[in-house]
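**Student:** One structure, pasted below without further comment.
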Amino acid sequence: MIRFDEVSKTYSRKARPALDGVSLEILKGEFVFLVGASGSGKSTLIRMVLREETPSSGEVHVLGQRLKALPNRRVPFFRRNLGVVFQDFRLLGNKTVYENVAFTLQVIGKSRAFISEAVPDVLKIVGLAGKASRLPHELSGGEQQRVAIARAVVNRPPILLADEPTGNLDPSTSAGIMALLARINEGGTTVVMATHEASIVDEMQKRVVELDAGRIMRDEAHGSYRRHLGDDDELAPRALEEETA
Amino acid sequence: MRVQLIAQEVWNGLRRNLSVVVSVVLVTFISLSFVGAAILLQMQINQMKGFWYDRAQVGVYFCGPVDATATCSQTAATAEQVDAVRAVLESGAIAPYVADVEFEDRELAYQHFMEQFGGTSSAEFASPETMNEALWVRPTTPQDADLIREATSALPGVLEVRDQRALLEPIFQVLSTASLAAIGIAVLMLVAAVLLISTTIRLSAFSRKRELGIMRLVGASNRFIQTPFIIEGIVAALVGAVLAAGAVVATVHFLLQGYVAPMLQTIAIVGLDDALVVAPVLLGIGVLFAGVAAAVAIRRYLRI
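Chains as they are written, first to last, in UniProt numbering: chain A, 1 to 245; chain B, 1 to 304.
Here's what the structure looks like:
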């Protein structure tokens, strides 16, 4: 599904690479957590799968496509195979729940009949069947994220990318979102989720890939958030190390 | 579905940036009006040239008793000399370029002179004796005048050969300059219009940045993303172009044909048919410039 071969990414303005020789393979139907401190390269990795970024060196293959060889013109069509969810939901404030989800299908040219069937279906799956005509600001954060997830999966993509999807939500709401993602994963969709939240990772007992300074530090099949440290404050030790270095 | 969606996007974009869209309409309107004026002036020049040059004759003036030049020696041209010139004009080599030859004797010349200048101070000294005999030659086409002059000016008894076209040149010069000025202003205004359109489109894209981001995320094709913006630019410019075309047609119909033409009956003024040729040209220029400006402006937002 997703394969990284010795992928590095250097930004000209920064001395330290955002990704540094990352090799990674994610198989069909897997649920993978990307963990690591801010700036460890989680988001860069996700952006590379989306081909929002291209590697400075190395190769990224997604769904059998060598992304480097994919012409810009084809990128939009490639992205139709990926669902994406963000921390900030990214909903259109002037469109209803239904319209937000339908918008995705409209812009890729799906028929009206298909849309009127697929949207209610997916809203039922995410548990928003009764709120189709609400506007995003009338919904809670958890509900807004459900809309975003509905939008991401309405086209039944084989891969769902989630960049800190629970970052703005309280723990009980987060649990609901995670249950939803787990259900989508059970349906066969490969899920890649970047997160900061230890409790979620520990609870799910899925594959964990830990990044640090652009390198893979750890890749465990049924991992927990942390290998060495037991406390919840994930930023402090790393930040201290960097400052004293 | 998609047509409806694009139409809705265009409408939203136009409504959201109404004040800028209005300024695009106005600038396009003014710039294309100048383009229209320049084209009409050029048409007017061509029409006047056609009108006057058809009537312009070449005057072959003969020596009078007082003229002393290379070909005259203070004796009036003889009838034989006049006939010789006429023979040249009717000879095989020149005849195809000559449509018509008319002889004007001193009495007739005096009569024409008095018709034109009677009552002015120069008329007091005029008498048939001071007039020159002349052959009025109408060239087959205006360009043939030079040939006729060359063939006759060196003949004995010929004082000078005058092409009436030369008298009209200053008028055309003035009109040409006015036309050039209109073109200059039109170009400047068009540059302003193009820059304004691209700014408007950038602004419109910026205000829809969020939507554009989501569109790109879910895999909307570039063409789908850019089409509403290009149409938006074209619609704004088209409104301006329609106004400009209307202004040109109205000016020709009401001002030129309704007011100026009746006063200047001897001059052919551009008519409604000319204005109706200019109108689609203006619409075409407006659409083309706006489309290109918008397409270039939106490129930045299509970068993957």
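Where a beta carbon is used, it is the ideal one built from N, C-alpha and C, also for glycine.
Using the DSSP secondary-structure output, state which residues sit across from B/W136 in a beta bridge.
**Tutor:** Partner(s): B/G59 and B/E102.
**Student:** Should A/R156 be labelled buried (16 or more other beta-carbon atoms within 10 Å of its own) or exposed?
**Tutor:** exposed
**Student:** Against B/F224, what residues of chain A qualify as contacts under a CB-to-CB distance less than 9 angstroms, listed in chain order?
**Tutor:** P76, V107, I108 and G109
**Student:** Can you say whether B/V260 is buried or exposed, counting buried as having 16 or more other CB atoms within 10 angstroms of its CB?
**Tutor:** B/V260 counts as exposed, since fewer than 16 other C-beta atoms from the protein chains shown sit within 10 angstroms of its C-beta.
**Student:** Check whether the Cβ of B/L217 lies closer than 8 angstroms to any Cβ atom in chain A.
**Tutor:** yes
**Student:** Please report how far the alpha carbon of B/A192 lies from the alpha carbon of A/G142, in whole angstroms.
**Tutor:** Near 49 angstroms, if we compare the C-alpha coordinates of A/G142 and B/A192.
**Student:** According to the Cβ coordinates, are B/F229 and B/I201 closer than 8 angstroms?
**Tutor:** yes
**Student:** Excluding five sequence neighbours on each side, which residues of the same chain lie with their C-beta closer than 7 angstroms to the C-beta of B/Y53?
**Tutor:** P142 and R165
**Student:** Mind checking who A/Q106 pairs with in its DSSP beta bridge?
**Tutor:** Secondary-structure assignment with DSSP links A/Q106 through no beta bridge to anything.
**Student:** Report the neighbours of A/L67 on chain B: residues whose CB is nearer than 9 angstroms to its CB, in chain order.
**Tutor:** None at all; the shortest Cβ gap to chain B is about 11 angstroms.
**Student:** Suppose you measure from the CA of B/S127 to the CA of B/A244; what does that come to, to the nearest Å?
**Tutor:** Taking the straight line from one Cα to the other gives about 56 angstroms.
**Student:** Does DSSP classify A/D202 as helix, strand or coil?
**Tutor:** helix
**Student:** Just the C-alpha distance for B/A123 and B/Q116, rounded to the nearest angstrom, thanks.
**Tutor:** Approximately 9 angstroms, taken between the alpha carbons.
**Student:** State the Cα-Cα distance for the pair A/A152 and B/R303, rounded to the nearest angstrom.
**Tutor:** 22 angstroms
**Student:** Would you be able to state if there are at least three C-beta pairs under 8 angstroms between the region 10–17 of chain B and the region 199–214 of chain B?
**Tutor:** yes
**Student:** Nearest chain A C-beta to B/E232 closer than 8 angstroms, yes or no?
**Tutor:** no
**Student:** Here's the rule I'm using: 16 or more other beta-carbon atoms within 10 Å means buried, otherwise exposed. How should A/M193 be labelled?
**Tutor:** In the assembly as shown, A/M193 is a buried residue. Its beta-carbon has 16 or more other beta-carbons within 10 Å.
**Student:** Strictly below 7 angstroms CB to CB, what residues from chain B border A/V122?
**Tutor:** Near A/V122 there are no residues of chain B at all, since even the closest Cβ is about 13 angstroms away, more than 7 angstroms.
**Student:** Just how far apart, CA to CA, sit B/Q4 and A/G41?
**Tutor:** 41 angstroms
**Student:** Does chain A have any CB closer than 8 angstroms to the CB of B/S207?
**Tutor:** no
**Student:** Hey, B/V58 and B/V137 are a contact pair by Cβ (cut 8 angstroms); roughly how many whole angstroms apart?
**Tutor:** 5 angstroms
**Student:** Pull up the distance between the alpha-carbon of B/L108 and that of B/G92, whole angstroms please.
**Tutor:** 29 angstroms
**Student:** Between B/D274 and B/M43, which are expected to be in contact by the criterion C-beta below 8 angstroms, what is the C-beta distance as a whole number of angstroms?
**Tutor:** 5 angstroms
**Student:** Give me the Cβ distance between B/L190 and B/S31, rounded to the nearest whole Å; I'm assuming they're in contact under 8 angstroms.
**Tutor:** 5 angstroms
**Student:** Whose Cβ in chain D lies nearer than 9 angstroms to the Cβ of B/L5?
**Tutor:** This model lacks chain D altogether; the protein chains it does include are A and B.
**Student:** With contact counted as at least three CB pairs below 8 angstroms, one residue from each stretch, are the region 30–49 of chain A and the region 214–229 of chain A in contact?
**Tutor:** yes
**Student:** Kindly list, in the order they appear in chain B, the residues whose Cβ is closer than 9 angstroms to that of A/L92.
**Tutor:** R210, E211 and I214
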